[in-house]
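**Q** I'd like to ask some things about the structure below.
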Amino acid sequence: MANMRPHKVRKSPRLAGYDYTQPSGYLVTISVDQMEHRFGEILVGAVQLNPAGEMVKAAWFRLPDRFSSIELDAYVVMPNHFHGIVFLGTDPESKPPSLSRVIQVFKSETAVEYGRQVRAGVFPPIQRGLWHRSFHDRILWDERILNLAREYIHDNPRKWQEAHTR
1087 MANMRPHKVR KSPRLAGYDY TQPSGYLVTI SVDQMEHRFG EILVGAVQLN PAGEMVKAAW
1147 FRLPDRFSSI ELDAYVVMPN HFHGIVFLGT DPESKPPSLS RVIQVFKSET AVEYGRQVRA
1207 GVFPPIQRGL WHRSFHDRIL WDERILNLAR EYIHDNPRKW QEAHTR
């Protein structure tokens, strides 16, 4: 007899009907699969990146080389997640990529490099993938929201430490 249970329908975390290729700013959050601490630790309210965290940071800064119509803003690599602000459509001469495409490239490049480093014995092995399957975003509609996102990123290590030392 066939399994009659309905398939779980995943709800998209993207805003329905919104064009994620239009020029705008976005706060992106990407979590490590299983929320494992892969990228460093928080000491005295500051992030101390390990080599894997440095690799993620370097990949973030390479994104404008791949996509000429994006600009990067505030970011933080945390022990088990990443926050960054990216602006799409900053070059009127080139078509902006979708936000999903930018994040796909970032996640792919970091996952491939992480795998290389595991095989070389530099990084610890992982059970599944490096990243959680999706990502979260906030559209930065105006300057006030942009500044709140920057503040959130800046304060994230300190708040992490406060939450984890109670």
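Residue numbers for the sequence shown follow our numbering, so the first one is 1087 and each next one is one higher.
We put the CB at the ideal spot given by N, CA and C, even for glycine.
Consult DSSP for Ala1206 and reduce its assignment to one of helix, strand or coil.
**A** Of the three classes helix, strand and coil, the one that applies to Ala1206 here is coil, per DSSP.
**Q** Specify, as a first and last residue, the run of the alpha helix (DSSP H) that Val1142 falls within.
**A** Segment 1137 to 1152, the alpha helix (DSSP H) holding Val1142.
**Q** Could you tell me the boundaries of the alpha helix (DSSP H) in which Leu1232 lies?
**A** It spans 1229 to 1250 - the alpha helix (DSSP H) in which Leu1232 sits, taken as one unbroken run.
**Q** What's the gap between the Cα of Tyr1106 and the Cα of Ser1184?
**A** One C-alpha to the other measures close to 5 Å.
**Q** Taking all protein chains shown into account, decide if Asn1242 is buried (16 or more other Cβ within 10 angstroms of its Cβ) or exposed.
**A** It counts as buried.
**Q** Could you tell me how far apart the beta carbons of Met1164 and Trp1246 are, in whole angstroms, since I believe they sit closer than 8 Å?
**A** About 6 Å separates the two Cβ atoms, so the contact holds.
**Q** What residue range does the beta strand (DSSP E) around Thr1115 cover?
**A** Per DSSP, Thr1115 belongs to the beta strand (DSSP E) from 1110 to 1117.
**Q** If you drop the 5 nearest sequence neighbours on each side, which residues of the same chain put their C-beta closer than 7 Å to that of Glu1127?
**A** Same-chain partners within the cutoff: Gln1134, Pro1165.
**Q** Going by C-alpha to C-alpha distance, which of Arg1152, Tyr1112, Tyr1104 sits closest to Asp1228?
**A** Among Arg1152, Tyr1112, Tyr1104, the Cα nearest to that of Asp1228 belongs to Tyr1112.
**Q** Using the Cα positions of Gly1170 and Asp1223, report the straight-line distance between them to the nearest angstrom.
**A** When rounded, the distance between both Cα atoms is 10 Å.
**Q** Look at the alpha carbon of Asp1119 and the alpha carbon of Phe1209, and state the distance between them as a whole number of angstroms.
**A** Distance between the alpha carbons of Asp1119 and Phe1209 is about 15 Å.
**Q** Helix, strand or coil for Arg1219? Go by DSSP, reduced to three states.
**A** Arg1219 falls in the coil class under three-state DSSP.
**Q** Is any heavy atom of the ligand HEM found at a distance shorter than 7 Å from the C-beta of Met1121?
**A** As for the ligand HEM, it is missing from this structure, which has no ligand bound.
**Q** Would you please state the rounded distance, in angstroms, between the beta carbons of Phe1192 and Ala1145? I believe it to be under 8 Å.
**A** Their Cβ separation, rounded to whole angstroms, is 6 Å, which keeps Phe1192 and Ala1145 in contact under 8 Å.
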